[in-house]
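J.: For the sequence shown, the working numbering begins at 15 and goes up steadily by one. For glycine and all other residues, C-beta sits at the position ideal for the given N, C-alpha and C.
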Amino acid sequence: MSFQTNHYTLQFAIVFAMFLLWLMTLIPIRIAQSRMLGGLDNRNPREQYQELPEWGQRAIGVNNNTFEAFCFLSVAVFTQAFSELLGNPQTENVVRAVDAFCIIFLVLRL
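1. Looking at the secondary structure, which residues open and close the alpha helix (DSSP H) in which Gly75 lies?
2. What are the boundary residues of the alpha helix (DSSP H) that includes Leu37?
3. Alpha carbon to alpha carbon, how far is Met15 from Glu98?
4. Could you give the first and the last residue of the continuous alpha helix (DSSP H) run that contains Arg110?
5. Can you say whether Gly70 is buried or exposed, counting buried as having 16 or more other CB atoms within 10 angstroms of its CB?
6. Which of helix, strand or coil does DSSP assign to Arg57?
7. CB Tyr63 to CB Ile45, shorter than 9 angstroms?
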């Protein structure tokens with residue numbers, strides 16, 4: 015069983031890009047929290063989330079949605095990649111299709 019990493023470089027890079035995109039969605043949430051009267055409250059963040067202005071609450075929604083999409087994409091890519099390790103040969107068409115899916119997924123998320 016061999017694992018050809020050159021087939022999966024693009025796929026893993028896009029999973030990493032989605033992770034970075036998720037991290038970037040935390041920035042507006044932290045800005046909204048720090049602008050509140052008490053500042054950033056890590057003891058009760060969910061209570062503070064409910065008191066954020068509308069744009070801060072929308073940022074929380076974006077963050078949650080991006081994290082859910084990141085989980086979906088990473089599970090899909092890793093399942094496809096590790097299936098080759100289990101002895102399921104991947105044709106070039108399958109790899110290209112998953113590459114295309116990853117690119118389209120990332121572009122649509124931006």
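T.: Result, derived from the coordinates:
1. Judged by DSSP secondary structure, Gly75 falls within the alpha helix (DSSP H) whose first and last residues are Glu68 to Leu99.
2. That run of the alpha helix (DSSP H) goes Thr23 to Met38.
3. Interpretation of Met15 is limited by its pLDDT of 44, a score under 50 that renders its predicted location unreliable; no figure is taken from the coordinates.
4. From DSSP, the alpha helix (DSSP H) with Arg110 extends over Glu106 to Arg123.
5. Classification for Gly70: buried.
6. Reduced to three states, the DSSP call for Arg57 is coil.
7. Against a cut-off of 9 angstroms, the Cβ pair of Ile45 and Tyr63 comes out as no contact.
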